[in-house]
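Asks:
There are 2 protein chains.
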Amino acid sequence: MNVDIGNALASVASPGASRESLERLDEQVADAHERIVAGMEQSEHGYEALNLPERTDPDEIRAAVEPVADAEALITVGIGGSALGAATITDALADESDTEAVYLDNVDPEWVSSHLERLPLEETAINVVSRSGTTAETLANFLVVRDAFEAAGVDWTERTIVTTGESGPLRNLADRHDLPSLKVPDGVPGRFSALSAVGMVAAAVCGHDLEALLEGAAAERESLTGSLFDCPAYAYGATAYALDQRGAAVNAMVPYAESLETFAEWFAQLWAESLGKDDLGQTPARALGVTDQHSQLQLYRAGPRDKLVTFVSPGETDDRSIPDTDVDELAYLGDATLGELLEAEFEATEASLAAAGRPNVRLELEGVDEYELGGLLYGMEAACVLAGELYGVNTFEQPAVEWAKKATRGLLGGGDFEEADAVAEKTELRIER
Amino acid sequence: MNVDIGNALASVASPGASRESLERLDEQVADAHERIVAGMEQSEHGYEALNLPERTDPDEIRAAVEPVADAEALITVGIGGSALGAATITDALADESDTEAVYLDNVDPEWVSSHLERLPLEETAINVVSRSGTTAETLANFLVVRDAFEAAGVDWTERTIVTTGESGPLRNLADRHDLPSLKVPDGVPGRFSALSAVGMVAAAVCGHDLEALLEGAAAERESLTGSLFDCPAYAYGATAYALDQRGAAVNAMVPYAESLETFAEWFAQLWAESLGKDDLGQTPARALGVTDQHSQLQLYRAGPRDKLVTFVSPGETDDRSIPDTDVDELAYLGDATLGELLEAEFEATEASLAAAGRPNVRLELEGVDEYELGGLLYGMEAACVLAGELYGVNTFEQPAVEWAKKATRGLLGGGDFEEADAVAEKTELRIER
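Protein sequence lines correspond, in order, to chains L and Z. This note's numbering runs 41 ahead of the 1-based position in the first sequence. This note's numbering runs 41 ahead of the 1-based position in the second sequence.
(1) Report the residue from L:373, L:474, L:418 and L:398 whose alpha carbon sits nearest the alpha carbon of residue 463 of chain Z.
(2) Check for me: the alpha helix (DSSP H) holding residue 141 of chain Z runs from which residue to which?
(3) Can you grab the Cα-Cα spacing for the pair residue 362 of chain L / residue 56 of chain Z, in whole Å?
(4) To the nearest angstrom, how far is it from the Cα of residue 1 of chain L to the Cα of residue 193 of chain L?
(5) Provide the residue(s) that pair with residue 324 of chain L in DSSP beta bridges, ordered along the chain.
(6) Mind listing, in chain order, the continuous beta strand (DSSP E) runs of no fewer than 3 residues lying wholly within the segment 211 to 276 of chain L?
(7) Closest to residue 264 of chain Z by C-alpha separation, out of Z:145, Z:74 and Z:152, would be which residue?
(8) In chain L, which residues lie with their C-beta within 7 angstroms of the C-beta of residue 294 of chain Z?
(9) Quick test of the definition: if touching needs 3 or more C-beta pairs under 8 angstroms, does the segment 111 to 128 of chain Z touch the segment 255 to 262 of chain Z?
(10) Do three or more CB pairs link the segment 380 to 390 of chain L to the segment 451 to 466 of chain Z at distances below 8 angstroms?
(11) Taking the alpha helix (DSSP H) that residue 48 of chain Z falls in, what are its first and last residues?
(12) When the distance is taken between beta carbons, is residue 204 of chain L closer than 8 angstroms to residue 242 of chain L?
(13) Going by DSSP, what residue range makes up the beta strand (DSSP E) through residue 203 of chain L?
(14) Go ahead and pull the three-state DSSP assignment for residue 404 of chain L.
(15) Is residue 249 of chain L close to chain Z? Criterion is C-beta to C-beta, closer than 8 angstroms.
(16) Going by C-alpha distance, which of Z:392, Z:305 and Z:130 is nearest residue 353 of chain Z?
(17) What is the rounded straight-line gap between the Cα of residue 250 of chain L and the Cα of residue 225 of chain L?
(18) DSSP on residue 298 of chain Z, reduced to helix/strand/coil?
(19) Would you check if the segment 185 to 192 of chain L and the segment 396 to 412 of chain Z touch, i.e. whether three or more CB-CB distances between them fall below 8 angstroms?
(20) Is residue 153 of chain L helix, strand or coil when you go by DSSP?
(21) On the three-state DSSP scale, how would you describe residue 472 of chain L?
(22) Does the segment 196 to 215 of chain Z come close enough to the segment 155 to 174 of chain Z to have 3 or more Cβ pairs within less than 8 angstroms?
(23) DSSP has residue 116 of chain Z in a bridge; who is on the other side?
(24) Quick one: which chain L residues come within Cβ less than 9 angstroms of residue 320 of chain Z?
(25) Using a Cβ-Cβ cut-off of less than 8 angstroms, list which residues of the segment 412 to 445 of chain L approach chain Z; keep chain order.
(26) Under 8 angstroms between C-beta atoms, does residue 260 of chain Z make it to chain L?
(27) Using beta-carbon positions only, say whether residue 171 of chain Z and residue 138 of chain Z come within less than 8 angstroms of one another.
(28) Using the C-alpha atoms, what's the distance from residue 471 of chain Z back to residue 78 of chain L?
(29) What residues in the segment 324 to 340 of chain Z have a beta carbon less than 9 angstroms from any beta carbon of chain L?
(30) Between residue 233 of chain L and chain Z, is the shortest Cβ-Cβ distance under 8 angstroms, so that the two count as touching?
(31) Excluding sequence positions up to five away, which residues of its chain have a Cβ less than 8 angstroms from the Cβ of residue 343 of chain L?
(32) Select from the segment 388 to 402 of chain L all residues with a C-beta closer than 8 angstroms to any C-beta belonging to chain Z, and list them in chain order.
(33) Between the segment 58 to 76 of chain Z and the segment 209 to 229 of chain Z, do at least 3 Cβ pairs fall closer than 8 angstroms?
(34) Pick out the complete alpha helix (DSSP H) segments inside the segment 385 to 456 of chain Z, 4 residues or longer, and give them in chain order.
(35) Ignoring anything shorter than 3 residues, give me the beta strand (DSSP E) runs that lie fully in the segment 334 to 372 of chain L, in order along the chain.
(36) With a threshold of 6 angstroms on Cβ separation, who are the neighbours of residue 366 of chain Z within its own chain once the five nearest residues in sequence on each side are excluded?
What follows is the structure, given as structure tokens:
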């Protein structure tokens, strides 16, 4: 991953960071880097995630998925960080796989049913992921999926892989049924676990190159130095932080490849859940190039000056030529390929924001493959950890989601929780048709 | 559509609007309503969109799609407002249709190719939509699709429906090949055209009830009165505006149904492109309940106080029970259904934001069907038109997207444009690995 922050400089954009202010910020980056390195060396909670390129064992993952290596489809049952890393990888590389990867990361009954009715269950594998083994959405869906397999006469115990913590209901289940199982690594929060078994079981079932994913991440790790001017990941994290300080409260992530749409979702979780605390944090918005030029660009270029736009340029991909046309007005299209049109649209949009003084940053990949993806995921995680140090927040916790979990449990009769009582006290001001 | 703005009141949330301030704002709403009604009566540009429930002729649309009424798949070639309205409807109702609706709303070559290779072209219909008939992305994709049909030996002229303006290359093409064609209605910007042929051709091919869509919209239209306290659409538009004025620069749209995920994208275009101008406008963020409770909720509850969260409660849907489990900790799940879990999670999340003083609004549907969808789309359009009046912006234009269009065309050799030259002058500050 390379990064170009030229269009976020104060000489181009407002808000923007001057070169001098970035040099001053670089002193904080150096201190933060020391803290990060110490955390990695001590395997501290969260920082340990940046050690995954060395810790994760691809052979162990491949061995666990071996019984279902020829599955036509894979249902991953997980939510949040237990699904998004895996989905980012398999969606990005879907063209390279014969296995359809499906993610049950919601509890919508119609939608769950439509998947279970559609998939050939006897050729489908199940990948259930929950660190605690008690996540309500994941366990509910897993119970439903298991039941559907039984109803179809398919032995789910032959087709299920479990990724969970050292103990808990899912671990017990894996032991009882002798299921292949992997461990969620200690010290790695879900949103930082893409490069562990949590994110890589699905990649393994889909036949992707696990070593290349880890090698790409390791190369990014090698680039972690004490200066934002030498390290793409830190350049991104520091620039995003500096721009937020100057008013860019929103960070719009805009990949120019359909295959990276899920990456924008993964980034949105990483950024929101890690940095959104203590009334701080930059709000991620997910968008997609070229599509959102016809949707969000008006706002990005002419709305409030409260946004940083992050483009992801995917580099070389397979191309397809645009057939000639006899319509004069459109003849210019016939000399191009779809890839050239995509590239021209990207450069034009980037320049259009710069021309309007709107800050933007470019993340550059050299194609969408395992190696580049590994680098991208690791680079964004390192950028996020750096930003967390600069904000001074506890990057690796997510205390604000506990309230709703207790209320949900209380509402369903799973115990007495005062949070559930608060639900009944809602202030209403209803306007009815 | 009913609306509950109780959790956006200043007595609950900060930022929040006091009941008194809403009463004062209601005087502006009354004035804006007069302006809107006059615009509708005069069929003025933009305002005309609110007349679509009476203007759109379902019989004409059904007649146009009759030759492909039994298609297994439908490729809609369009971008922005030429795709999102149609996609919102067919995605919301996908469970009710045997026709797969695919949207080519991007120019990514790998992704376009993967669709064309996968679909049974001899059983596939084409729906090409562009008001001008010159939209680069749409025309490029249409040329590619046409070519793929020819290469497969399928006569595309037998399987194509055109929706375009009164003149232009697509109109000429329709005339030359005698294709069934429909007209993009005058005075209706793309993002407001869901309830015209632009949004309803796909619904017709997929067999949905066009009359019910229009009836739902007409009922919403009936509710447009001069007060936000009597009209759900105005209640929403005025509350969103009032909250933005008080610091809620971001509007997170969170439907609690997978089938409404595309609705959040449609809303994001409507809101961004209509209101994002003159350095004004609220930034839409799209999210999905329950999924994003495990991603964005931490930020929404504990990050900056710059957000309004809009929930969409879908009402009754098909349900699915959660099988019993012998695990004590999870026994409470076995007494519930997935739908009850979804509902409990929604109520818990809404209450969790209110308990933290974070403003939120609830849009309530009575199920996801044509009638309710028609009401939802119309209601949000009316809310947006009202908000545009309150902001004092030109709701129906999108001037900021022109720059990039010219630059793209210039880069591809389609003429001399100074915008294209600006692309080459990019300020670089690259950090390489």
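Beta carbons are placed, not taken as given, at the ideal position from N, Cα and C, and that holds for glycine. Because the structure is a prediction, the values reported are computed rather than measured.
Replies: Let me spell this out:
(1) Walking along the second sequence from the start, residue 463 of chain Z turns up at place 422. It is L:398.
(2) Counted from its first residue, the second sequence places residue 141 of chain Z at position 100. Segment 141 to 145 is the beta strand (DSSP E) holding residue 141 of chain Z; no alpha helix (DSSP H) there.
(3) Indexing the first sequence from 1 puts residue 362 of chain L at position 321. Indexing the second sequence from 1 puts residue 56 of chain Z at position 15. Spanning the two alpha carbons is a distance of roughly 52 angstroms.
(4) For residue 1 of chain L there is no data in the structure shown, the boundaries of chain L being 42 and 474.
(5) Along the first sequence, read from residue 1 onward, the residue named residue 324 of chain L stands at position 283. Answer by DSSP bridge pairing, in chain order: L:291.
(6) 222 to 224
(7) For the purposes of this step, residue 264 of chain Z is taken as the residue at position 223 of the second sequence. Cα-wise, what sits closest to residue 264 of chain Z is Z:74.
(8) Translated into the one-based positions of the second sequence, residue 294 of chain Z becomes position 253. Simply none; closest approach about 11 angstroms.
(9) no
(10) yes
(11) The sequence position of residue 48 of chain Z within the second sequence is 7, counting from 1. Note, residue 48 of chain Z: premise wrong, no alpha helix (DSSP H); not H, not E.
(12) Residue mapping note: residue 242 of chain L aligns to position 201 of the first sequence, counting from 1. Residue mapping note: residue 204 of chain L aligns to position 163 of the first sequence, counting from 1. Contact flag set, yes.
(13) As a first step, residue 203 of chain L must be located in the first sequence, where it is residue number 162. From DSSP, the beta strand (DSSP E) with residue 203 of chain L extends over 201 to 205.
(14) Locating residue 404 of chain L in the first sequence gives position 363, counting from the first residue. The answer is strand: DSSP assigns residue 404 of chain L an E or B state.
(15) Here residue 249 of chain L corresponds to residue number 208 of the first sequence, with the count starting at 1. False, the Cβ-Cβ gap to chain Z never drops below 8 angstroms.
(16) By one-based count along the second sequence, residue 353 of chain Z stands at place 312. When only C-alpha atoms are compared, the closest one is Z:305.
(17) What you label residue 250 of chain L is simply residue 209 of the first sequence in a count that begins at 1. What you label residue 225 of chain L is simply residue 184 of the first sequence in a count that begins at 1. For residue 250 of chain L and residue 225 of chain L, the distance between alpha carbons rounds to 20 angstroms.
(18) Position 257 of the second sequence, counted from the start, is the residue given in the question as residue 298 of chain Z. Correct three-state label for residue 298 of chain Z: coil.
(19) no
(20) In the first sequence, residue 153 of chain L corresponds to position 112, counting from 1. Three-state DSSP puts residue 153 of chain L in a helix.
(21) Residue mapping note: residue 472 of chain L aligns to position 431 of the first sequence, counting from 1. Residue state, collapsed to three classes: strand.
(22) yes
(23) If you number the second sequence from 1, residue 116 of chain Z lands on position 75. Answer by DSSP bridge pairing, in chain order: Z:143 and Z:167.
(24) Here residue 320 of chain Z is taken as the residue at index 279 of the second sequence, counted from 1. Within 9 angstroms Cβ-Cβ: 343, 344, 345 and 346.
(25) 416, 439, 440, 441, 442, 444 and 445
(26) Position 219 of the second sequence, counted from the first residue, corresponds to residue 260 of chain Z. Interface residue, yes.
(27) If you number the second sequence from 1, residue 171 of chain Z lands on position 130. If you number the second sequence from 1, residue 138 of chain Z lands on position 97. Going by C-beta atoms, residue 171 of chain Z is not nearer than 8 angstroms to residue 138 of chain Z.
(28) Numbered from 1 along the first sequence, position 37 holds the residue referred to as residue 78 of chain L. Numbered from 1 along the second sequence, position 430 holds the residue referred to as residue 471 of chain Z. Straight-line Cα distance between these residues: approximately 24 angstroms.
(29) 324, 325, 326, 327, 328, 329, 330, 331, 332, 333, 334, 335, 336, 337, 338, 339 and 340
(30) Along the first sequence, one-based indexing puts residue 233 of chain L at 192. Chain Z contact via Cβ: absent.
(31) Taking the first sequence and counting its residues from 1, one reaches residue 343 of chain L at position 302. Contacts found: 397.
(32) 388, 389, 390, 391, 392, 393, 395, 396 and 397
(33) no
(34) 411 to 432 and 443 to 452
(35) 348 to 354
(36) Taking the second sequence and counting its residues from 1, the one referred to as residue 366 of chain Z is at position 325. Closer than 6 angstroms at Cβ, skipping near neighbours: 375.
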